[in-house]
Amino acid sequence: MVLRGQSKEAPCDDPSDNGAKGRLVADRGYQITGLAATGISEYFSALRSWAQNNNYQVLQEKQNPQYLWLEKRDDGFRLALDSNESGELYLNGSTPCVWRNGTPEPAG
(Lines of atoms letter the chains of each structure in order from A; the text may use other names.)
(Lines give C-alpha, C1' and ligand atoms only; values in the text may rest on other atoms or scores of the structure.)
Protein backbone atom coordinates (compact mmCIF):
# COMPACT_ATOMS: atom_id res chain seq x y z
CA MET A 1 0.00 0.00 0.00
CA VAL A 2 1.30 3.44 -0.93
CA LEU A 3 -0.11 6.71 0.38
CA ARG A 4 0.15 9.86 -1.70
CA GLY A 5 -1.03 12.90 0.17
CA GLN A 6 -1.38 16.61 0.51
CA SER A 7 -2.04 18.95 3.41
CA LYS A 8 -3.83 22.27 3.51
CA GLU A 9 -5.15 24.77 6.01
CA ALA A 10 -8.23 26.95 5.79
CA PRO A 11 -9.33 29.80 8.06
CA CYS A 12 -12.08 29.10 10.55
CA ASP A 13 -13.32 32.67 10.85
CA ASP A 14 -16.99 31.73 11.04
CA PRO A 15 -16.85 28.69 13.32
CA SER A 16 -20.04 26.76 13.92
CA ASP A 17 -18.97 26.12 17.52
CA ASN A 18 -19.30 29.85 18.40
CA GLY A 19 -15.63 29.85 19.37
CA ALA A 20 -13.00 32.51 18.86
CA LYS A 21 -11.99 33.69 15.40
CA GLY A 22 -8.45 33.22 14.10
CA ARG A 23 -8.39 29.44 14.28
CA LEU A 24 -7.76 27.06 11.38
CA VAL A 25 -9.15 23.87 9.95
CA ALA A 26 -6.39 21.48 8.89
CA ASP A 27 -7.04 18.93 6.14
CA ARG A 28 -4.95 15.97 5.04
CA GLY A 29 -5.85 13.87 2.02
CA TYR A 30 -4.37 10.64 0.69
CA GLN A 31 -4.76 8.57 -2.42
CA ILE A 32 -4.34 4.96 -1.33
CA THR A 33 -2.67 2.86 -4.02
CA GLY A 34 -1.55 -0.74 -4.19
CA LEU A 35 -4.81 -2.25 -2.92
CA ALA A 36 -7.05 -4.46 -5.02
CA ALA A 37 -10.03 -2.58 -6.45
CA THR A 38 -12.09 -5.74 -5.92
CA GLY A 39 -11.75 -5.22 -2.15
CA ILE A 40 -13.24 -1.73 -2.03
CA SER A 41 -16.49 -2.85 -0.37
CA GLU A 42 -14.50 -4.64 2.34
CA TYR A 43 -12.39 -1.51 2.98
CA PHE A 44 -15.57 0.50 3.54
CA SER A 45 -17.01 -2.18 5.82
CA ALA A 46 -13.80 -2.27 7.85
CA LEU A 47 -13.79 1.52 8.29
CA ARG A 48 -17.49 1.54 9.24
CA SER A 49 -16.87 -1.17 11.89
CA TRP A 50 -13.82 0.66 13.22
CA ALA A 51 -15.80 3.91 13.40
CA GLN A 52 -18.63 2.32 15.39
CA ASN A 53 -16.10 1.05 17.94
CA ASN A 54 -14.29 4.39 18.18
CA ASN A 55 -17.11 6.88 18.86
CA TYR A 56 -17.61 8.11 15.28
CA GLN A 57 -20.98 8.84 13.73
CA VAL A 58 -21.83 8.52 10.05
CA LEU A 59 -22.56 11.93 8.49
CA GLN A 60 -23.11 10.67 4.96
CA GLU A 61 -22.89 7.39 3.08
CA LYS A 62 -23.31 6.69 -0.64
CA GLN A 63 -23.03 3.72 -2.98
CA ASN A 64 -21.74 3.39 -6.56
CA PRO A 65 -19.18 4.78 -6.13
CA GLN A 66 -18.85 4.32 -2.40
CA TYR A 67 -18.37 7.23 -0.01
CA LEU A 68 -18.34 7.27 3.80
CA TRP A 69 -18.09 10.49 5.83
CA LEU A 70 -17.55 10.21 9.59
CA GLU A 71 -17.27 12.56 12.56
CA LYS A 72 -15.83 11.82 16.00
CA ARG A 73 -18.57 12.54 18.52
CA ASP A 74 -16.39 14.06 21.25
CA ASP A 75 -14.08 16.35 19.27
CA GLY A 76 -15.48 16.88 15.76
CA PHE A 77 -12.55 15.30 13.87
CA ARG A 78 -13.79 14.11 10.46
CA LEU A 79 -12.76 11.29 8.15
CA ALA A 80 -13.97 10.47 4.65
CA LEU A 81 -13.29 7.41 2.53
CA ASP A 82 -14.10 7.90 -1.14
CA SER A 83 -13.90 5.63 -4.18
CA ASN A 84 -14.50 6.21 -7.87
CA GLU A 85 -15.41 4.24 -10.98
CA SER A 86 -11.70 3.74 -11.76
CA GLY A 87 -11.19 1.78 -8.53
CA GLU A 88 -9.20 4.56 -6.88
CA LEU A 89 -9.48 5.05 -3.13
CA TYR A 90 -9.01 8.28 -1.17
CA LEU A 91 -8.87 8.93 2.59
CA ASN A 92 -9.31 12.48 3.89
CA GLY A 93 -9.19 13.83 7.43
CA SER A 94 -10.01 17.27 8.80
CA THR A 95 -9.79 18.84 12.21
CA PRO A 96 -12.39 20.95 13.93
CA CYS A 97 -11.39 24.61 14.42
CA VAL A 98 -7.99 24.64 16.15
CA TRP A 99 -5.25 27.13 16.99
CA ARG A 100 -2.17 26.76 14.75
CA ASN A 101 0.13 26.18 17.74
CA GLY A 102 -2.46 24.80 20.17
CA THR A 103 -3.26 28.11 21.91
CA PRO A 104 -4.20 31.64 20.80
CA GLU A 105 -1.34 33.83 19.60
CA PRO A 106 -0.31 36.40 22.22
CA ALA A 107 -1.64 39.91 21.60
CA GLY A 108 1.00 42.12 19.99
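As numbered in UniProt numbering, residues 1 to 108 make up the sequence shown, in order.
In this text, a Cβ means the ideal position worked out from N, Cα and C, and glycines have one as well.
| Query | Result |
| --- | --- |
| Through-space distance from Gly-39 to Trp-69, alpha-carbon basis | 19 Å |
| Proximity below 8 Å, CB of Leu-79 to CB of Gly-102 | no |
| Best match in Gln-31, Ala-10, Val-25 and Asn-54 for proximity to Tyr-90 [C-alpha to C-alpha] | Gln-31 |
| Proximity to Gly-5 [Cα-Cα], best of Arg-28, Ser-83, Gln-57 and Pro-11 | Arg-28 |
| Complete beta strand (DSSP E) runs within the stretch 54-84 (minimum length 3 residues, chain order) | 56-62, 67-72 and 78-83 |
| Sequence-distant residues of its chain with Cβ nearer than 8 Å to Glu-85 (five each side left out) | Pro-65 |
| Sheet register partners of Cys-12 (DSSP bridge) | Arg-23 |
| DSSP beta-bridge partners of Ser-94 | Asp-27 and Arg-78 |
| Between the CA atoms of Asp-74 and Asn-55 - distance to the nearest angstrom | 8 Å |
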